[in-house]
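K.L.:
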Amino acid sequence: PLFFILGLLLFILIALPVLVLIYTSLVPYSMVPSAKAFSMMSLRHWNAVIKDPISILSLKNSLFLGIFGATVGVILSLFVAYTIVRIRTKMSGILESLSFLSFSFPGIVIGIGFMWFFVRTPIYATIWTLLIGYIATYLPYGIRPLSSAFVQIHRHLEESSKVCGAGPLTTMWRIIIPLLVPGIVSGWILMATMFLRELSLSVVLSRPGSEVLAVQILRFRLSALGIIMIVISTTLVALVSFIGAKLQPAIK
């Protein structure tokens, strides 16, 4: 009974929405599943999405924000987590509180704030505004796993490295970062998936030329584009998890 309930929940929460998206991407318009609906299925919507320049642009923008943005976010999270865990001062405590403050703000409120902040700057209405907004909003998703990973690394490793003559950067690159691989992978996956599917902030900050997948799907109800987003997110998660698993044995 337990496995049946679990399987039913997984089907309702994960499989069913995907199946509905696939179904609606194949029928010409919203239709109740029937023999007539199945006979009218075609790849017309998929062809329209693939040939639509705005959909292709939104796909490129989302990939850029997901991959490059998550990488920048993890690098920033690395330094913030190091400051919070290793440099125990009042300022580090304030930094920790500030870094998690974005959790209490709705995305649309942060988006409006960034919109008015950047409205008279050259980067307004560009993809860089989205990048800064995403990182500011979702930085805690990178800080939390890296902070947990830093706590598990004893200070003696850093002290031993310094005794042997290694500088701070060498110690970080040769000793600390290899031990942080699981935390880095977790943080990158969390940030990349959040960046790819982000909507509330994107609705406010995206403009012509900086469209992203989530906004494009919302505006035009593109089920085919939604399936593409799911495939991209799943592929990125699987690929980065595989790379992280391959790197871990090398540091044991």
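21 is the number that my numbering gives to position 31 of the sequence shown; each next residue is one higher, with no gaps.
Glycine residues also receive a C-beta, built at the ideal position from the N, C-alpha and C atoms.
Leaving out five residues on either side along the sequence, give the residues of the same chain with a beta carbon under 6 Å from the beta carbon of residue 216.
P.N.:
Position 226 of the sequence shown, counted from the first residue, corresponds to residue 216. Answer for residue 216: 11 and 207, listed in chain order.
K.L.:
How far does the alpha helix (DSSP H) with residue 195 in it reach, from first residue to last?
P.N.:
The residue you call residue 195 lines up with position 205 of the sequence shown. Segment 190 to 195, the alpha helix (DSSP H) holding residue 195.
K.L.:
Counting along the chain, where does the alpha helix (DSSP H) carrying residue 158 start and finish?
P.N.:
The residue labelled residue 158 in the question sits at position 168 within the sequence shown. Where residue 158 is concerned, the enclosing alpha helix (DSSP H) stretches over 158 to 161.
K.L.:
Residue range of the alpha helix (DSSP H) that residue 148 falls in?
P.N.:
Position 158 of the sequence shown, counted from the start, is the residue given in the question as residue 148. Counting along the chain, the alpha helix (DSSP H) containing residue 148 begins and ends at 145 to 153.
K.L.:
Between the stretch 124 to 135 and the stretch 81 to 91, do at least 3 Cβ pairs fall closer than 8 Å?
P.N.:
Yes, they touch.
K.L.:
Check the C-beta distance from residue 205 over to residue 213 and give it rounded, since I have them as a contact under 8 Å.
P.N.:
For the purposes of this step, residue 205 is identified with residue 215 of the sequence shown, where counting begins at 1. For the purposes of this step, residue 213 is identified with residue 223 of the sequence shown, where counting begins at 1. That pair is no contact at about 15 Å.
K.L.:
Taking buried to mean at least 16 other C-beta atoms within 10 Å of its own C-beta, is residue 219 buried or exposed?
P.N.:
The residue given as residue 219 occupies position 229 in the sequence shown. Flag for residue 219 reads buried.
K.L.:
Between the alpha carbons of residue 87 and residue 194, how many angstroms are there, rounded?
P.N.:
Here residue 87 refers to the residue found at position 97 when the sequence shown is read from its first residue. Here residue 194 refers to the residue found at position 204 when the sequence shown is read from its first residue. Whole-angstrom Cα-Cα distance: 26 Å.
K.L.:
Leaving aside the five residues before and after residue 189 along the sequence, list all residues of the same chain whose C-beta is less than 6 Å from its C-beta, in chain order.
P.N.:
Walking along the sequence shown from the start, residue 189 turns up at place 199. Result list for residue 189: 204, in chain order.
K.L.:
Beta-carbon within less than 6 Å of residue 177's beta-carbon, same chain only, minus the 5 sequence neighbours each way: which residues are those?
P.N.:
Here residue 177 refers to the residue found at position 187 of the sequence shown. Hits under 6 Å: 64, 67, 132, 135 and 136.
K.L.:
Could you give the C-beta distance for residue 17 and residue 27, rounded to a whole number, given that I count them as a contact under 8 Å?
P.N.:
Taking the first residue of the sequence shown as position 1, residue 17 is located at position 27. Taking the first residue of the sequence shown as position 1, residue 27 is located at position 37. The pair is a contact, with the Cβ atoms about 5 Å apart (cut-off 8 Å).
K.L.:
In the DSSP assignment, find the unbroken alpha helix (DSSP H) run with residue 127 in it and report its ends.
P.N.:
One-based indexing of the sequence shown puts residue 127 at position 137. 117 to 128 is the extent of the alpha helix (DSSP H) around residue 127.
K.L.:
State yes or no: is the C-beta of residue 181 within less than 9 Å of the C-beta of residue 59?
P.N.:
To locate residue 181, count along the sequence shown from 1; it is residue 191. To locate residue 59, count along the sequence shown from 1; it is residue 69. Cβ distance < 9 Å, so residue 181 and residue 59 count as in contact.
K.L.:
Quick check on the burial criterion: 16 or more other C-beta atoms within 10 angstroms. Buried or exposed for residue 109?
P.N.:
Against the sequence shown, residue 109 aligns to sequence position 119. Residue 109 should be labelled exposed.
K.L.:
Buried or exposed for residue 104, going by 16 or more other Cβ atoms inside 10 Å?
P.N.:
Working through the sequence shown from its first residue, we reach residue 104 at position 114. That one is buried.
K.L.:
Quick one: Cα of residue 139 to Cα of residue 197, how far?
P.N.:
Working through the sequence shown from its first residue, we reach residue 139 at position 149. Working through the sequence shown from its first residue, we reach residue 197 at position 207. Going from the Cα of residue 139 to the Cα of residue 197 covers about 38 Å.
K.L.:
Under 8 Å by Cβ, that's how I've got residue 123 and residue 101 pegged, so tell me the actual separation to the nearest angstrom.
P.N.:
Along the sequence shown, read from residue 1 onward, the residue named residue 123 stands at position 133. Along the sequence shown, read from residue 1 onward, the residue named residue 101 stands at position 111. Right, the Cβ-Cβ distance comes to about 6 Å (below 8 Å), so this counts as a contact.
K.L.:
Rounded to whole angstroms, what is the Cα-Cα separation between residue 42 and residue 222?
P.N.:
Within the sequence shown, the letter at position 52 stands for residue 42. Within the sequence shown, the letter at position 232 stands for residue 222. So the alpha carbons of these two residues sit roughly 18 Å apart.
K.L.:
With DSSP as the reference, label residue 43 as helix, strand or coil.
P.N.:
Taking the first residue of the sequence shown as position 1, residue 43 is located at position 53. Correct three-state label for residue 43: helix.
K.L.:
Name the two residues that bound the continuous alpha helix (DSSP H) containing residue 14.
P.N.:
Counting from one through the sequence shown, the residue named residue 14 turns up at place 24. That run of the alpha helix (DSSP H) goes 6 to 16.
K.L.:
Please state whether DSSP places residue 242 in a helix, a strand or coil.
P.N.:
Indexing the sequence shown from 1 puts residue 242 at position 252. Here the model assigns residue 242 a pLDDT of 48, short of 50, so the residue's position is not dependable and the matter cannot be decided.
K.L.:
Please list the terminal residues of the continuous alpha helix (DSSP H) segment that includes residue 81.
P.N.:
Here the question's residue 81 lines up with position 91 in the sequence shown. Unbroken alpha helix (DSSP H) run through residue 81: 80 to 89.
K.L.:
For residue 206, name the three-state secondary structure that DSSP assigns.
P.N.:
For the purposes of this step, residue 206 is identified with residue 216 of the sequence shown, where counting begins at 1. Note: residue 206 maps to helix in three-state DSSP.
K.L.:
Among 157, 19 and 48, which has the Cα closest to the Cα of residue 202?
P.N.:
Here residue 202 corresponds to residue number 212 of the sequence shown, with the count starting at 1. When each option's Cα is compared against that of residue 202, the closest is 48.
K.L.:
Would you kindly check if the distance between the Cβ of residue 111 and the Cβ of residue 200 is under 9 Å?
P.N.:
For this step, residue 200 is matched to residue 210 along the sequence shown. For this step, residue 111 is matched to residue 121 along the sequence shown. No. Outside cutoff.
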